[in-house]
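> For the sequence shown, my numbering begins at 48 and goes up steadily by one.
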Amino acid sequence: GLLQSPIYYVSKALHDAELRYPPMEKITFALVFAAQKLRPYFQEHSITVRTSYPLLQILHRPDTSGRMVKWAIELGQFDIHYQPRTAIKAQALSDFIAEFTPAITVHRDNQPWALYIDGSSTANRAGVGIVLADPENRLFCHSVKFLFPATNNEAEYEALLSGLNLAESMNVRHLKVFSDSQLLVNQINGSYKVKEPRLTPYLSLAKRKLSKFSADLEHIPRTLNVRADALSRLASSTGMESAEYVQIGQQEQPSTALFEVAAIDPVTPQKPPTWMDPIIHYLETGALPPDPKEARALQIRAARYTLDNRT
């Protein structure tokens, strides 16, 4: 009988920071995007990548750092083989897709973006939903599942911090933030005092993040926050893995963990060494241990973090 060979293709228009990726990072990003969209096939089969670029060598160089390390870890879970690309007829198709994928027009005026946030916590899971809308009402939806326990109030703060991180990554500077948590809005605006000690570092970190934007924070009824509410419930439910229409992620530890460890203590002039010291030193200076294995391990650990004014 005849053998059927289905062909799948994915496409994505680069925008904002993605447009400034070096050429090799754009190529790697394309492979990561394909692996995310075609994940079941990557998990079940050996994948042959035909490319004229030395992706294998670049992904496994000891001096690879930043987002390339994270992408190398993500691709490392699949059985991927790289082969030199030869002339193929299908190249016309990929050239056509690359040429005619519509570009996203980035607006750099002073019109504010709208950020809708919501956190959800159940007995077993917690997560956040984020909807970021540009001035033309194009939506960027994210759902993040926590791998750590969190109260409802902590989840609301995590939603705000995740939303601000997303906006910052897209070079947004003017924001209108909407939340259905009256406690969150009034604590940040100063109308309510923080009575839960665990929320104090969240409040400090949230104010610090908000200071980077020209932002207004407004309380809205839950009925007007439907999308973010649904995404947060998706993240805290057991059926999260089956959803493919939003950007889904996981968060291993609270946002305040690094903030608390790296913060400078004005009372104690000398702090005892912590496990974060090598990571902070590497992020500040780029210096690596002389041992290649230790250097690689440090790069992998540091890929999860970023320094924000040395915290």
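Heads up, the beta-carbon is just placed ideally off N, CA and C, and yes, glycines get one too.
Indicate the three-state DSSP secondary structure (helix, strand or coil) for Y163 in the structure shown.
Y163 falls in the strand class under three-state DSSP.
> Determine, using beta carbons only, whether H221 and S258 come nearer to each other than 8 Å.
Cβ distance not < 8 Å, so H221 and S258 don't count as in contact.
> Just list the alpha helix (DSSP H) runs in the stretch 183-243, keeping only unbroken ones of 4 residues or longer that don't cross its boundaries, in chain order.
Fully enclosed alpha helix (DSSP H) runs of 4 or longer: 199-216, 229-236.
> Which residue from T198, D165, A202, V224 puts its Cα closest to that of A180?
A180 has its Cα closest to that of V224, out of T198, D165, A202, V224.
> Tell me the rounded alpha-carbon separation between K59 and V241.
When rounded, the distance between both Cα atoms is 43 Å.
> If you follow the alpha helix (DSSP H) that A60 is in, where does it begin and where does it stop?
Neither: A60 is in no alpha helix (DSSP H) and is coded neither H nor E.
> Would you please state the rounded distance, in angstroms, between the beta carbons of P182 and Q158? I believe it to be under 8 Å.
The pair is a contact, with the Cβ atoms about 4 Å apart (cut-off 8 Å).
> Cutting at 6 Å between CB atoms, please list the residues of its own chain near A350, excluding the five before and the five after it.
Result list for A350: V116, K117, in chain order.
> Could you tell me whether the stretch 122-130 touches the stretch 78-93, using the rule of 3 or more Cβ pairs below 8 Å?
The stretch 122-130 is in contact with the stretch 78-93.
> Return yes when the Cβ of T303 is within less than 8 Å of the Cβ of P248, no when it is not.
Closer than 8 Å, so yes.
> Determine the direct distance from the alpha carbon of E72 to that of Y329, and round the result to whole angstroms.
So the alpha carbons of these two residues sit roughly 21 Å apart.
> At the level of alpha carbons, what is the spacing between I4 and G123?
Only positions 48 to 358 of the chain appear in the structure, and residue 4 is not among them; the question remains open.
> Assuming E121 and V79 make a contact with CB atoms under 8 Å, what is their CB distance in whole Å?
Right, the Cβ-Cβ distance comes to about 6 Å (below 8 Å), so this counts as a contact.
> Could you tell me which residues DSSP pairs with E265 in its beta bridges?
The partner list for E265 (beta bridge, DSSP) reads F225.
> Do Q297 and H266 have their C-beta atoms closer together than 8 Å?
Their beta carbons are not under 8 Å apart, which means Q297 does not touch H266 by this criterion.
> DSSP three-state call for I54: helix, strand or coil?
Here I54 sits in coil by DSSP.
> Give the range of the alpha helix (DSSP H) segment to which A5 is assigned.
Nothing can be reported for residue 5, as the shown portion of the chain is limited to 48 through 358.
> What separation, rounded to the nearest whole angstrom, lies between the Cα atoms of I347 and P268?
Taking the straight line joining both Cα atoms gives about 42 Å.
> Quick check: L360 and T75, are their CB atoms within less than 8 Å of each other?
Absent from the structure is residue 360, since the part of the chain shown begins at 48 and ends at 358.
> Out of T198, A206, L194, N200, which one is the CA nearest neighbour of C188?
Of the listed residues, the one whose Cα sits closest to C188 is A206.
> Can you tell me whether L103 is helix, strand or coil according to DSSP?
Of the three classes helix, strand and coil, the one that applies to L103 here is helix, per DSSP.
> Leaving out five residues before and five after V219 in sequence, what residues of the same chain have Cβ atoms less than 6 Å from its Cβ?
Around V219: W160.
> Between which residues of its own chain and L335 is the CB-CB distance below 6 Å, once the five residues before and five after are set aside?
The residues are A342.
> Is A81 buried or exposed, if buried means 16 or more other CB atoms sit within 10 Å of its CB?
So A81 ends up on the buried side.
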